[in-house]
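If you're matching positions, the sequence shown starts at 956 in this note's numbering and goes up one per residue. Please read the structure below before turning to the comments.
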Amino acid sequence: MMSYRYILCIVFIASLGFSQKSQGGAPHGLYNSLTKITPEIEMPLLDIDALLQEDEFLPPGKPYRYGVRLPVDLSPHNSGVWETLLDGTRVWKLIISSQFAYAMNLSFDSFYLPENSKLFIYNPDFSMIYGAYTDLNNNSEEVFASPLLKGDELIIEYSEPVDVSEEFKLHIEYVVHDYKDILNYYNERNSNRTCGTNVVCPEADPYEDQINAVSWLDMGGYICTGSMLNNTSQNLTPYYITAWHCTEGENVNTFRFYFNYETNSCSGSS
């Protein structure tokens, strides 16, 4: 029965899980072309000590928790600010903050971008900019999730041309607050992770080529690891394998894959 579950995991991730590619470019906010003050939504303050204590007693066989999903009801229809540029382009912006977050990301349960529209998500100092996301990121389930942005504040910017012919759909279902600094998760306090061998340890030296296929998988507040798989047809079908408990009950359209993510030393996490 377990092998059957693994096969299902491979099929669905291969067909749905590689859709968050961005098209590049720069948001309007980068060039100071927007004049209206952007409203800010503040997330409730979290009890980090209580969360860390909970983590000490989580049952085995579960994905590793690094963040908390904070439910929200946010869209251009009920929050943020709209501004019209001289060329007729309409721009919507919203700031979301969560105090003491090491990083944040967003999950959209309604997502559809018309042709020629753009979505950017970035932090206030523009050190991390994700986008442009476009109609190429649309999927049949109309869901989307952003990668992690470092810091406790992020900015969402959506723009559409004056001649847009379709109605957009953007609704944020929850904000993930990273309380464990998962993007820098390699210090000594985490060296006792036993889920697998760290790829920079000597034991992994014979597998340098295969390591390129390994990634960590972000399911929105939880992470696992997995790997790309080839097949006997050698046709580059993007199969991906991970543990069943990493995908059970989740929507793989919102998964994010981080490849070539390594620690600085063998003492880091697995």
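Note that beta-carbon positions come from the ideal geometry of N, C-alpha and C, so glycine has one too.
Consult DSSP for residue i and reduce its assignment to one of helix, strand or coil.
i: HIS1132; result: strand
i: PRO1026; result: strand
i: ILE1003; result: helix
i: GLU1163; result: helix
i: HIS1126; result: strand
i: VAL1036; result: strand
i: GLY926; result: Because the chain in this structure spans residues 956 to 1225, residue 926 falls outside the shown range and cannot be described.
i: LEU1049; result: strand
i: ASN1147; result: At ASN1147 the pLDDT is 48, less than 50, meaning the model places this residue with poor confidence and gives no usable figure here.
i: LEU1104; result: strand
i: LEU1138; result: helix
i: ASP1173; result: strand
i: LEU1191; result: coil
i: GLU1112; result: strand
Can you check whether the CB of residue j is closer than 7 Å to the CB of residue i?
i: ALA1056; j: ASP1107; result: yes
i: VAL1131; j: ARG1020; result: no
i: SER1114; j: LYS1073; result: yes
i: THR990; j: VAL1036; result: no
i: ILE1178; j: LEU1109; result: no
Apply the 10 Å Cβ neighbour rule to residue i and answer buried if 16 or more other Cβ atoms are within range, or exposed otherwise.
i: ILE1084; result: buried
i: THR1202; result: buried
i: GLU1070; result: exposed
i: TYR1129; result: buried
i: GLY1016; result: exposed
i: VAL1117; result: exposed
i: LEU1061; result: buried
i: THR1039; result: exposed
i: ASN1215; result: exposed
i: ALA1005; result: exposed
i: SER1170; result: buried
i: LYS1135; result: buried
Determine the direct distance from the alpha carbon of residue j to that of residue i, and round the result to whole angstroms.
i: PRO1079; j: LEU1191; result: 39 Å
i: ASN1033; j: GLU997; result: 15 Å
i: ILE1166; j: GLU1011; result: 30 Å
i: ALA1087; j: HIS983; result: 11 Å
i: GLU1096; j: PRO1018; result: 24 Å
i: PRO1229; j: SER1053; result: The question about residue 1229 has no answer here: the residues shown for the chain are numbered 956 through 1225.
i: GLY1022; j: ASP1133; result: 4 Å
i: LEU1138; j: ASP1173; result: 11 Å
i: SER988; j: ILE1111; result: 15 Å
i: SER1146; j: ASP1002; result: Residue placement at SER1146 cannot be trusted, given a pLDDT of 48 that sits under 50; what the coordinates show is reported in the next sentence. Those two C-alpha atoms are separated by around 25 Å.
i: ASP1042; j: ASN1206; result: 39 Å
i: ALA1159; j: ASN1092; result: 35 Å
i: SER1082; j: LEU1103; result: 13 Å
i: TYR1195; j: THR1044; result: 40 Å
i: ILE1076; j: PHE1099; result: 13 Å
i: PRO1014; j: GLU995; result: 37 Å
i: LEU985; j: THR1089; result: 18 Å
i: TYR1213; j: VAL1046; result: 30 Å
i: MET1059; j: GLY1176; result: 9 Å
Consider the Cβ of residue i: report whether some Cβ of chain D lies at a distance smaller than 7 Å.
i: PRO1069; result: Reference to chain D is not applicable here, since this structure consists of a single protein chain.
Could you check whether the stretch 1023–1032 touches the stretch 1181–1191, counting it as contact only if at least three pairs of C-beta atoms, one from each stretch, sit closer than 8 Å? Judged by pairs of C-beta atoms under 8 Å, the stretch 1023–1032 does not touch the stretch 1181–1191, as fewer than three such pairs exist.
How do the stretch 1118–1127 and the stretch 1059–1074 stand: do at least 3 beta-carbon pairs fall below 8 Å, yes or no? yes
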